[in-house]
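Encoded as structure tokens, the structure appears first; notes follow it.
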Amino acid sequence: MKKGVNLHCHSTCSDGEFTPEKLMEMADKNGIRYFAISDHDTILAYKEYAKKAKNYNINLINAIEFNVDEFKVYHFIAFGICNLDYVETFMKNLKEHNEAVCFKTLEKLKEHYNIDLDLNFVKSFSKDGVIDKRCIVNAMQKLNIIQNTYQGYTDYIGSTAKAYVPLRKLKVEEVIDLVHSCGGVICWAHPCITRHKNDNKLFSLDEIRQKARELKKIGLDGIEVYTAFTTAEEEACIDSIAKELGLARVGGSDFHRTGDKFCQENLKEENYLELVQKIKQRHKIYYNQHLPTCLSLNKE
Numbered sequence: 004m005k006k007g008v009n010l011h012c013h014s015t016c017s018d019g020e021f022t023p024e025k026l027m028e029m030a031d032k033n034g035i036r037y038f039a040i041s042d043h044d045t046i047l048a049y050k051e052y053a054k055k056a057k058n059y060n061i062n063l064i065n066a067i068e069f070n071v072d073e074f075k076v077y078h079f080i081a082f083g084i085c086n087l088d089y090v091e092t093f094m095k096n097l098k099e100h101n102e103a104v105c106f107k108t109l110e111k112l113k114e115h116y117n118i119d120l121d122l123n124f125v126k127s128f129s130k131d132g133v134i135d136k137r138c139i140v141n142a143m144q145k146l147n148i149i150q151n152t153y154q155g156y157t158d159y160i161g162s163t164a165k166a167y168v169p170l171r172k173l174k175v176e177e178v179i180d181l182v183h184s185c186g187g188v189i190c191w192a193h194p195c196i197t198r199h200k201n202d203n204k205l206f207s208l209d210e211i212r213q214k215a216r217e218l219k220k221i222g223l224d225g226i227e228v229y230t231a232f233t234t235a236e237e238e239a240c241i242d243s244i245a246k247e248l249g250l251a252r253v254g255g256s257d258f259h260r261t262g263d264k265f266c267q268e269n270l271k272e273e274n275y276l277e278l279v280q281k282i283k284q285r286h287k288i289y290y291n292q293h294l295p296t297c298l299s300l301n302k303e
């Protein structure tokens, strides 16, 4: 029996096309036995869709993808979190803070560009009623103010535009501490598409190795080796980095919508088991800290 693995995809809970249940159905039909839905900035829906996983021949693990400041496309995926509510509340508070930033952005659009966007119209582009900057540029595109969302950022609300208001962004140490304190493991997602902010250049393989070493020192548990964006040369190099640093070798297709690749053939059951081993270690630490002394795992 085929035991495929895909530990990185997105549902309608963030920016994906399909519901979590549809993704689980697709995973089952494609022979994927070890599966994770790693939505951006949200994880609480796992509680509900995990109940339906028993209808499919899959092993489901919870996951969430974080966008971290410092570089462009600097993403991390957490797996196996115990305290889902705490992580969800943390991210909700961050979104609400940044929604206030978006209100100021709307004011500046009117002030500097005479663009008066109706708030309810902007909210129509939000899945949870909380607006972000993507909602603003999507609204502008819908009204033909801009040709594409990239133009919205460069010409109107990006860091060099007059309507720019900085968002509160996560720091990598903050994300690692959050995930570990909630019993999860943290992995660097698709490192080969991480970009420098100043010149937009992709990280070289040497830079990935150096950054992975730095991240390992502050708690990194794994790294995506197998992705839809990785060449054979890059895959071999990142695999060697993972082995050098003792990181779990994970990956996935980063599936969002129709037309994207859904399966990631190079991922094997052994990669899933590496991740599970890391999760077990983190869970042991977590439950030692949160259970009464008489139930502590170190009393076994």
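Each residue of the sequence shown is one higher than the one before, counting from 4 in this note's numbering.
Idealized CB from N, CA, C, for every residue including glycine.
query, result
"I67, enclosing beta strand (DSSP E) - first and last residue", "62-70"
"Exposed unless 16 or more other CB atoms sit within 10 angstroms - verdict on G262", "exposed"
"H100 versus P169: straight-line alpha-carbon distance, rounded", "11 Å"
"Opposing strand residues paired with L173 [DSSP bridges]", "V71"
"Rounded separation between I244 and R212 - CA only", "6 Å"
"Extent of the continuous alpha helix (DSSP H) to which N123 belongs", "122-126"
"Classification of E236 by the beta-carbon crowding that lies within 10 angstroms, buried from 16 upward", "exposed"
"Proximal residues to I35 (C-beta, below 6 Å), its chain only, five neighbours per side dropped", "G7, N9"
"is_contact[Y229, chain B] using C-beta, thresh 7 Å", "This model lacks chain B altogether, as it is built from one protein chain only."
"Residue closest to L47, alpha-carbon to alpha-carbon, out of K75, N86, L63", "N86"
"Pairwise C-alpha distance: E272 and D31", "15 Å"
"Under 7 Å between C-beta atoms of N141 and F128", "yes"
"Distance CB(I80)-CB(E68) smaller than 7 Å", "yes"
"Sheet register partners of C190 (DSSP bridge)", "I80, G225"
"Span of the beta strand (DSSP E), counted from its first residue to its last, around H43", "35-43"
"C-beta contact flag for R260 and V76 at 7 Å", "no"
"Those residues which DSSP pairs with V8 across a bridge", "Y37"
"Contact check, Y59 vs M29, beta carbons under 7 Å", "no"
"Cα-Cα separation, G83 to I282", "6 Å"
"Residue closest to H219, alpha-carbon to alpha-carbon, out of Y229, I189, F232, S207", "Note that residue 219 is Lys in the sequence shown, not His. Among Y229, I189, F232, S207, the Cα nearest to that of K219 is on I189."
"Where the beta strand (DSSP E) through V253 begins and ends", "251-255"
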